[in-house]
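Chemist: My structure is below; once you've seen it, I'll send some questions.
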Amino acid sequence: MRLANGMGLMTENFNYISFGNWEYVEGNVDVVTIGRGRMFEYTPPDTEKRLESLDSTAIAFLEKLPTFLCSEIKSAGDAVSMLIKYGRISDTTPGRREVSTTFETLVDFGEVGFDDIEMAGSVFGADRFQLYRTHWAVREGDAQEVLARLADLKPNLAHLIGEQGGHRQLNEAWIPMCDDGL
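Note that this note's numbering has the sequence shown beginning at 10, numbered continuously upward.
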C-alpha cells in the first residue's frame with residue numbers, strides 16, 4: 010500500500026538496526042543503544058531530513074514502524090550468515106551522543122544462513138556494504154515481504170511470521186508529520 014505524504018507517494022518503511030558485535034543481538038535484547046552518528050545511515054535523504062531532529066514527532070514515527078534488529082553479516086567459507094530479530098521499538102530516548110530504545114522481540118530468527126552476500130542483501134533490499142555496517146536506517150520496503158523471504162529461509166518459523174500480519178504498520182505517522190511541516 011502507498012500513502013500520500015503531501016509530496017507524492019511514499020512506499021512503506023521499516024527500521025533496520027544492525028550491529029557488528031553479535032552479542033548486541035544474541036539472546037534476550039531489551040534495550041538497544043546506538044551512536045547518533047550512525048542514525049539514519051542509508052536512509053533516503055528526504056526521510057532522513059524529517060527524522061534527524063529526533064523530536065517527538067520523529068520518534069512517534071520510528072516507533073510505529075516494524076523493526077528488524079540484525080547483526081552485521083559474517084562469512085564462513087562460501088556462505089554468509091547473520092542474526093535476525095523482528096519486533097517493535099518503544100521508549101526511544103535521544104541523548105547527545107547516543108540513542109536508546111526498548112526492543113520487543115516478536116520473532117527471533119536466530120542465525121540465518123545465506124548462499125552468498127547478494128542473497129542476504131536481497132532479503133532487506135540492501136547492498137553488500139550496508140550489511141557490514143553498524144547503523145540504524147529507515148528503509149523503504151514492505152516488512153511483510155521481508156518476513157515472507159525470511160520464512161522461506163526458516164520454514165520452521167513460518168507460523169510465527171504469519172501471526173505478525175496484524176502488526177503491519179502502514180505509515181500512518183507520515184500524515185501528521187507532513188501536517189507539521191516535516
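Backbone N, C-alpha and C define an ideal beta-carbon position, used for all residues, glycine too. Note that the structure is predicted; figures quoted are calculated from it, not measured.
(1) Would you mind listing the beta strand (DSSP E) stretches within the stretch 25-111 that are 3+ residues and don't spill past its ends, in chain order?
(2) Quick one: what's got a C-beta closer than 8 angstroms to Ala167's C-beta in the same chain, skipping five residues either side?
(3) Using C-beta distances below 6 angstroms, list every residue in its chain close to Asp100, excluding the 5 sequence neighbours before and after it, in chain order.
(4) Over what stretch of residues does the alpha helix (DSSP H) that includes Ala157 continue unbroken?
(5) In whole angstroms, what separates the C-alpha of Thr42 from that of Asn165?
(6) Would you mind reading off the limits of the beta strand (DSSP E) that contains Ala146?
(7) I need the straight-line Cα distance from Tyr95 to Ile126, nearest angstrom please.
(8) Phe133 and Val155 look like a contact to me (Cβ under 8 angstroms); what is the Cβ gap, rounded to whole Å?
(9) May I have the straight-line CA-CA distance separating Phe23 from Gly86, to the nearest angstrom?
Modeler: In this structure, then:
(1) 40-44, 76-80, 83-85, 88-103
(2) Ala160
(3) Thr111
(4) 152-162
(5) 30 angstroms
(6) 144-149
(7) 20 angstroms
(8) 6 angstroms
(9) 31 angstroms
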